[in-house]
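What follows is a short report on a single structure.
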Amino acid sequence: MSSPTSTNQEAPPRAPRSPASALFRRLFLLNGLVFTTGLTALALSPATVSSPVLLNELPILAVGLAVMLAVNALVLRASLAPLGALTVLMERVDLVRSKDRIASSGNGDLGRVIDTFNAMLDRLEAERSSSAAHALAAQEGERRRIARELHDEIGQSLTAVLLTLKRVVDRAPGELREELSAAQETVRASLDEVRRVARRLRPGVLEDLGLISAMNSLATDFSALSGATVTRLLDSRLPQVSGDTELVIYRIAQECLTNIARHARATRVELSLRAEDGAVVLLITDDGVGGPIREGAGIRGMRERAMLIGADLAVESAPGRGTRVRLTVPVLETADPAASAADP
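When the letters of the sequence shown are read in order and numbered with full-length UniProt numbering, they come out as residues 1 to 344.
As structure tokens, this is what we get:
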């Protein structure tokens, strides 16, 4: 005989109310409470209303209506206030540099909307950070490949041409020696330029000698290129940071100095790298023309790199007062967020 089936089956779980329906119910109940209270107060008061309404009764009715409308307006304003802050955040949110969130107001149904929006921003920022980490890791890999090819192939070819020209110059007649020497100098200058480009693409000094030496080399190259005087305030006792963090600091400093050389027309630059309140702070200032900040590819790329290591990048500029770039890198015990993307 088969066992009897149980008639006490569990009911399926009820789907949670949507924020829209919950907010409608909340406002409907609050409005109903306000008008019920007003009607009760009017019914229990000694005031009477004639039919038709007399002129001396109109002020009483007007006061009662005004009180109910005022109370209703206050209740609605308090209930819907978080929507204003939510709208402002939606207008200004930027996944590259914004860590803004709306504090949960505890306002029941709208509080759930705010918490959901904050969670959505967290997911979007995490996904963008991961995508940017993979893109920048691929970019660094491509830089290394191009630098290696420049050094190993083009550099060696130019070196061979230079040695050949030297032998030809030694055997050439006098009337050709001057032209061959000029060609030799051109090849030598091209070889030096190829080596400089390779160093910018792949900072070997950063890998071999560390961040401080790399910053010194960067400042020296910038000064030779632009003619500007660079004041260096580099603290050699920096906290220990990961290799990816050092690379981000180096690349942001490199981009800043490149922008100064191209656009600022500066004569003096200050390059500072120091420890400050549990963080490593990179500060670059110049006395150039300054002006409105245009969020082009350069600054956008710096912000994306800063985002990878949880750093804060601030760019300030005013006409005639130069530009100030400050990168604040928190020193944490956790793994670097770009490390997993950079691993082969």
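Note that the Cβ used here is the ideal one computed from N, Cα and C, for glycine as well.
Local Cβ density within 10 Å of residue i, reported as buried at 16 or more and exposed below that
i, result
"residue 219", "buried"
"residue 246", "buried"
"residue 304", "buried"
"residue 29", "exposed"
"residue 334", "Low confidence applies to residue 334: its pLDDT is 45, below 50, so where it sits in the model is not reliable enough to give any reading."
"residue 78", "exposed"
"residue 82", "buried"
"residue 33", "exposed"
"residue 56", "exposed"
"residue 287", "buried"
"residue 114", "buried"
"residue 215", "buried"
"residue 343", "Low confidence applies to residue 343: its pLDDT is 43, below 50, so where it sits in the model is not reliable, and the reading given next is rough at best. It counts as exposed."
"residue 153", "exposed"
"residue 62", "exposed"
"residue 7", "In this predicted model, residue 7 has a pLDDT of only 48, less than 50, meaning its place in the structure is not dependable; the value taken from the coordinates is given anyway. Residue 7 comes out exposed."
Residues that DSSP places opposite residue i in a beta bridge
i, result
"residue 217", "DSSP lists no partner for residue 217."
"residue 287", "According to DSSP, which records beta bridges pairwise, residue 287 is partnered with nothing at all."
"residue 330", "279"
"residue 179", "According to DSSP, residue 179 bridges with nothing at all."
"residue 231", "270"
"residue 316", "324"
CB of residue i within 7 Å of CB of residue j, strictly
i, j, result
"residue 307", "residue 129", "yes"
"residue 321", "residue 296", "no"
"residue 197", "residue 181", "no"
"residue 271", "residue 326", "no"
"residue 269", "residue 230", "yes"
"residue 121", "residue 102", "no"
Given residue i as reference, the closest of the options once Cα atoms are compared
i, options, result
"residue 226", "190, 166, 266, 165", "266"
"residue 232", "242, 243, 217, 240", "217"
"residue 150", "211, 201, 82", "201"
"residue 40", "68, 52, 101", "68"
"residue 273", "298, 262, 234, 249", "234"
"residue 262", "133, 222, 112", "222"
"residue 71", "160, 123, 211, 36", "36"
"residue 278", "310, 103, 329, 269", "329"
"residue 44", "59, 58, 64, 31", "64"
"residue 166", "248, 157, 177", "177"
"residue 137", "313, 244, 172", "244"
Closer than 6 Å: residue i CB and nearest the ligand MG heavy atom
i, result
"residue 217", "With respect to the ligand MG, the structure shown offers nothing to examine, as it has no ligands at all."
Cβ of residue i within 7 Å of any chain B Cβ
i, result
"residue 121", "Protein chain content of the structure displayed is limited to a single chain, and chain B is not contained in it."
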